[in-house]
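Undergrad:
Number of protein chains: 2
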Amino acid sequence: MDRVAVIGASMTKFGQRDSWVMDLLAEAGTACLDDAGVAPDEVEHLYVSNMASGEFEGQTGVMNALAHDLDVLPAYSQRVDQTSSSGGAGIYAAWQSVASGASDMTLLVGGEKMTHRTTGEATDVIASITHPVEYKHGVTLPSFAGLTARHYLERYDAPRESLAKVAVKNHKNGLDNPHAQFQKEVDLKTVMESPIVADPLRLYDFCPITDGSAALMFCPESVAEQYTDDYAVVTGVAGATDTHVVHEREDPTVMGGVVESGKQAYEMADLGPEDVDVAELHDMFTILEFLQMEGLGFAEPGTAWERVEAGETEMDGELPINTSGGLKSKGHPLGASGVAQGYEIYAQLVGEAGDRQVDADVGLACNVGGFGNCVITTIMEAAA
Amino acid sequence: MDRVAVIGASMTKFGQRDSWVMDLLAEAGTACLDDAGVAPDEVEHLYVSNMASGEFEGQTGVMNALAHDLDVLPAYSQRVDQTSSSGGAGIYAAWQSVASGASDMTLLVGGEKMTHRTTGEATDVIASITHPVEYKHGVTLPSFAGLTARHYLERYDAPRESLAKVAVKNHKNGLDNPHAQFQKEVDLKTVMESPIVADPLRLYDFCPITDGSAALMFCPESVAEQYTDDYAVVTGVAGATDTHVVHEREDPTVMGGVVESGKQAYEMADLGPEDVDVAELHDMFTILEFLQMEGLGFAEPGTAWERVEAGETEMDGELPINTSGGLKSKGHPLGASGVAQGYEIYAQLVGEAGDRQVDADVGLACNVGGFGNCVITTIMEAAA
């Protein structure tokens with residue numbers, strides 16, 4: 001069977017945008033068609049990763065509207081929702097559409113428009129994914145993050161600074177990403193002294209509320225070769241679900257969805273963590289970067305902080321993590337984030353990452369929905 | 001390659017339910033596991049077809065919550081949204097998951113909880129799929145239906161009664177469906193004298209607002225054979241998108257998405273309209289049954305009404321349509337409807353349709369999103 005290739009990618013500037021969600025999706029979709037050199041009428045399937053256009057903007061049917069705007073009719077169009085991992089789920093859906101033979105040219109566009117709502121309103125929409133038994137106690141995702149961070153730091157005797165260094169690193173990486181929301185360096189002191197949000201986590205341990213969109217073009221490898229030599233291949237992709245009720249998990253520092261989706265993706269790609277050259281992890285909160293490093297085998301349990309402290313995940317380290325700036329600096333427009341992770345890995349593999357280019361043949365992206373409720377891990381390799 | 005089989009199905013009672021959406025989804029999901037004889041830990045992928053749990057109930061992440069409630073963890077779970085054709089899109093997603101080799105056991109559950117909202121509120125959520133250029137003129141789906149019905153009746157010199165007879169037939173069929181919202185016959189006079197909603201369409205030309213859920217279990221045919229001899233095979237499934245702005249369509253009586261998805265599904269199944277023994281069409285409005293009959297080749301353009309008048313689509317006719325009672329009598333819980341169509345076709349093919357059983361080896365379901373914006377056509381055959 002043909003492998004599934006990625007032959008083009010795009011992302012809009014992330015940040016506070018005046019455009020509404022449809023314009024953002026159309027901007028990324030159009031740019032991706034251009035980047036792939038694919039004409040609208042060649043697109044057979046269109047997937048739109050989006051969590052909450054209905055709640056944020058009162059607009060549903062965005063896949064249908066986008067198919068119309070991009071002039072890809074009568075292409076099949078469908079919305080993919082997996083809360084904050086909708087983008088990763090879109091990659092999986094797009095992969096399945098090609099691997100099943102249903103489509104020979106699949107466009108995936110992820111996007112969300114959030115900044116027109118207040119922080120309270122946006123947080124409330126996001127909190128609607130929590131289980132009612134937890135929601136009624138006022139538990140939000142940031143509070144889970146705070147509890148988990150405290151547990152991790154105490155259990156593994158890790159310094160508070162090690163978390164802050166994730167933020168510092170990702171902001172530094174974002175400097176070289178023209179699409180990032182914050183192209184601004186922050187120092188350790190700024191992070192450590194920023195306002196407390198969910199103790200011990202502070203403002204700079206969290207990603208911002210963001211508008212933006214990203215897109216990827218998928219097709220069978222035999223079709224890809226007709227378009228370009230510089231493409232990437234999705235060699236591993238898998239997803240897993242963890243308990244919806246977070247307090248039912250055995251160990252708060254182990255995200256079962258990360259472990260399981262990673263295991264399956266490695267198996268499918270016939271690779272292991274040691275083969276990965278570059279990774280995009282879902283750093284919605286700094287602590288999540290530790291949990292994913294450990295869940296994906298990049299560090300033994302309780303030791304991710306040591307690798308971060310040692311600088312091994314910096315741009316010039318052994319395993320650069322979040323070369324894009326991550327959600328922390330790039331921003332986190334829910335449905336777009338997983339697609340934008342794919343954009344970064346693709347750009348690194350085909351050598352289009354500009355000033356933040358690293359040397360990579362194998363890339364991994366991990367997209368986390370809720371507080372590890374749903375997780376998708378994707379492994380891509382350079383065609384070569 | 002293995003064909004994709006359906007080895008179990010279920011649906012809850014449709015109507016006004018006290019349960020919230022999660023309970024409805026769990027009820028159908030549990031019943032489907034039982035019907036298929038599949039243990040929760042055998043499920044590899046779970047798809048949830050749902051349009052608007054966030055808008056209707058303030059609850060998102062329903063796929064994750066359901067995976068938890070059904071104890072299918074760590075199965076991959078994802079929500080599929082294609083507005084009112086979310087159920088059909090779920091069938092397509094489930095098919096792709098098995099056909100791509102990603103999953104050997106995929107559970108699809110569709111559901112929606114709507115009746116706790118007022119008709120105005122529910123209509124507003126549904127109207128959020130229309131394009132803003134039309135929405136601001138106060139256009140709703142019922143108004144499109146009225147305009148199209150008037151055009152059809154005048155253009156083809158069809159009697160108003162022919163539309164009413166669709167409602168009469170589907171209510172009659174629903175009598176024998178214990179899951180239907182209305183198990184109640186209505187006569188022609190009642191339909192013709194019911195209050196005008198969107199002239200010339202009256203109250204009984206419309207489906208009700210409904211709560212409910214339905215489920216289907218998919219796996220490769222080689223796996224199916226280990227569970228049962230009585231299974232169905234999805235031999236054709238395809239979807240297509242039409243213009244989002246309805247007034248841009250060339251001919252208001254032709255639904256391009258129906259024509260295109262039907263064409264592709266027939267081609268995939270290597271069958272034609274003449275081979276279909278039983279069909280479930282998306283009769284959200286009576287006029288839609290005519291448009292789909294014509295778009296799918298069951299009648300020449302402008303003649304569907306003649307087949308209906310001649311009784312050819314009745315239970316004992318040449319092509320029974322909506323043996324379940326259709327959306328008209330059974331109800332239309334958005335995300336559930338397409339899955340419930342699949343349930344009916346499956347039940348007819350494996351001989352489990354009870355008092356409404358017809359003789360059928362090939363069945364077709366057509367699920368329509370918006371006003372023909374997105375359409376999925378599915379063809380199933382008895383395993384034989």
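The listed protein sequences correspond, in order, to chains S and X.
The first sequence begins at 1 in full-length UniProt numbering and counts up by one.
The second sequence begins at 1 in full-length UniProt numbering and counts up by one.
The beta carbon of each residue, even a glycine, is placed where N, CA and C say it ideally should be.
Since the structure is predicted, the reported quantities are computational estimates derived from the model, not experimental observations.
Please report the straight-line C-alpha distance between X/Leu334 and S/Gly325, rounded to a whole angstrom.
TA: Their Cα atoms are separated by approximately 40 angstroms.
Undergrad: In terms of residue numbering, what span does the beta strand (DSSP E) encompassing S/Leu153 cover?
TA: From DSSP, S/Leu153 is part of no beta strand (DSSP E) but of the alpha helix (DSSP H) over 141-155.
Undergrad: Using a Cβ-Cβ distance under 8 angstroms, would S/Arg79 count as near chain X?
TA: So, interface residue.
Undergrad: For S/Asn367, name the three-state secondary structure that DSSP assigns.
TA: The answer is strand: DSSP assigns S/Asn367 an E or B state.
Undergrad: Going by CA-CA distance only, name the one from X/Val80, X/Ser84, X/Ser85 that's closest to X/Ser94.
TA: Going by the sequence as given, residue 94 of chain X is Ala instead of Ser. Ranking X/Val80, X/Ser84, X/Ser85 by Cα distance to X/Ala94 puts X/Val80 first.
Undergrad: Which stretch, first to last residue, makes up the alpha helix (DSSP H) that contains X/Gly311?
TA: Careful: X/Gly311 lies outside any alpha helix (DSSP H) and carries neither H nor E.
Undergrad: I need the straight-line Cα distance from X/Ala116 to S/Asn173, nearest angstrom please.
TA: In the sequence as displayed, the identity of residue 116 of chain X is His instead of Ala. Each residue's Cα considered, the two are about 49 angstroms apart.
Undergrad: Would X/Val245 pass as an interface residue toward chain S - the criterion being a Cβ-Cβ separation below 8 angstroms?
TA: Yes, contact with chain S.
Undergrad: Under a Cβ-count criterion, where at least 16 other Cβ atoms within 10 Å of its own Cβ denotes burial, should S/His244 be classed as buried or exposed?
TA: Flag for S/His244 reads buried.
Undergrad: By Cβ distance, which residues of its chain are closer than 6 angstroms to S/Arg249, with the 5 residues on each side in sequence left out?
TA: Same-chain partners within the cutoff: Thr243.
Undergrad: Threshold first: 4 residues or longer. Then list the alpha helix (DSSP H) segments lying entirely within the region 58-124 of chain X, N to C.
TA: Fully enclosed alpha helix (DSSP H) runs of 4 or longer: 62-69, 86-99.
Undergrad: Less than 8 angstroms between CB atoms is the rule here; does S/His68 satisfy it with respect to chain X?
TA: So, interface residue.
Undergrad: With C-beta atoms as the reference, is X/Ser337 less than 8 angstroms away from X/Leu349?
TA: No, the pair does not count as a contact, with Cβ atoms beyond the cut-off.
Undergrad: Measuring straight from C-alpha to C-alpha, what distance separates S/Asp157 and X/Val375?
TA: Cα to Cα, S/Asp157 sits roughly 56 angstroms from X/Val375.
Undergrad: Using alpha carbons as the reference points, say which of S/Gly29, S/Arg155, S/Val308 lies closest to S/His68.
TA: It is S/Gly29 whose Cα lies nearest to the Cα of S/His68.
Undergrad: Can you round the beta-carbon distance between S/Ala214 and S/Val339 to whole angstroms, since I take them to be within the 8 angstroms contact cut?
TA: At roughly 4 angstroms, the Cβ-Cβ gap stays under 8 angstroms, so S/Ala214 and S/Val339 are in contact.
Undergrad: Kindly list, in the order they appear in chain X, the residues whose Cβ is closer than 7 angstroms to that of S/His171.
TA: What S/His171 touches in chain X: nothing, since even the nearest Cβ is about 29 angstroms away.
Undergrad: From the beta carbon of S/Ile287, is the nearest beta carbon of chain X less than 8 angstroms away?
TA: No, S/Ile287 lies away from the interface with chain X (no Cβ there is under 8 angstroms from its Cβ).
Undergrad: Just the chain X side, please: which residues come within less than 9 angstroms of S/Cys374 by C-beta, in chain order?
TA: Near S/Cys374 (Cβ distances below 9 angstroms), the residues of chain X are Gly61, Met63, Asn64, Ala67, Tyr76, Ser77, Gln78.
Undergrad: Does the beta carbon of X/Gly297 fall short of 7 angstroms from some heavy atom of the ligand GDP?
TA: This structure simply doesn't include the ligand GDP, nor any ligand for that matter.
Undergrad: Take the Cβ of S/Gly37 as the centre, count every other Cβ of all protein chains shown within 10 Å, and call the residue buried at 16 or more, exposed below.
TA: It counts as exposed.
Undergrad: For S/Glu134, tell me which candidate among X/Val358, X/Gln59, X/Leu175, X/Ala39 has the shortest Cα-Cα distance.
TA: Closest option to S/Glu134, Cα to Cα, is X/Gln59.
Undergrad: Taking contact to mean 3 or more Cβ pairs, one atom from each stretch, closer than 8 angstroms, check whether the region 304-316 of chain X and the region 260-268 of chain X are in contact.
TA: Contact between the region 304-316 of chain X and the region 260-268 of chain X is absent, because fewer than three Cβ pairs lie under 8 angstroms.
Undergrad: Please name the residues in the region 35-56 of chain X whose beta-carbon is closer than 8 angstroms to at least one beta-carbon of chain S, in chain order.
TA: Here the close residues are Leu46, Met51, Ala52, Gly54, Glu55.
Undergrad: Would you list, in chain order, the members of the region 100-131 of chain X that have their beta-carbon closer than 8 angstroms to a beta-carbon of chain S?
TA: Of all residues in the region 100-131 of chain X, Ser100, Gly101, Ala102, Val125, Ser128, Ile129, Thr130, His131 have a Cβ within less than 8 angstroms of some Cβ in chain S.
Undergrad: Compute the distance between the beta-carbons of X/Asp199 and X/Ala167, then report whether it is under 8 angstroms.
TA: No, the pair does not count as a contact, with Cβ atoms beyond the cut-off.
Undergrad: Have a look at S/Ser19, S/His45, S/Glu274 and flag the residue whose alpha-carbon is nearest the alpha-carbon of residue 387 of chain S.
TA: Shown here, chain S extends from 1 to 384; a query on residue 387 of chain S therefore has no answer.
Undergrad: Would you say S/Leu73 reaches chain X, if we count a Cβ-Cβ gap shorter than 8 angstroms as a contact?
TA: Yes, its Cβ sits closer than 8 angstroms to a Cβ of chain X.
Undergrad: Starting from S/Tyr47, trace the beta strand (DSSP E) both ways and give me its first and last residue.
TA: Residues 45-49.
Undergrad: Measure from the C-beta of S/Gln96 to each C-beta in chain X and report whether the shortest distance is under 8 angstroms.
TA: Yes, its Cβ sits closer than 8 angstroms to a Cβ of chain X.
Undergrad: Across which residues does DSSP place S/Ala279 in a beta bridge pair?
TA: Answer is S/Ile321, S/Leu364, bridged to S/Ala279.
Undergrad: Taking buried to mean at least 16 other C-beta atoms within 10 Å of its own C-beta, is S/Arg155 buried or exposed?
TA: By the 10 Å Cβ count, S/Arg155 comes out exposed.
Undergrad: Is there contact here, the region 215-229 of chain S with the region 105-113 of chain S, by at least three beta-carbon pairs under 8 angstroms?
TA: Touching, yes.
Undergrad: Should the region 368-384 of chain X be regarded as contacting the region 85-93 of chain X, the criterion being three or more beta carbon pairs within less than 8 angstroms?
TA: Output reads yes: the region 85-93 of chain X touches the region 368-384 of chain X.
Undergrad: On the CB-based measure, 16 or more other CB atoms within 10 Å of its CB, does X/Ala383 come out buried or exposed?
TA: Counting Cβ neighbours within 10 Å, X/Ala383 comes out buried, since at least 16 surround it.
Undergrad: Taking the alpha-carbon positions, what's the S/Met380 to S/Asp187 distance?
TA: Approximately 32 angstroms, taken between the alpha carbons.
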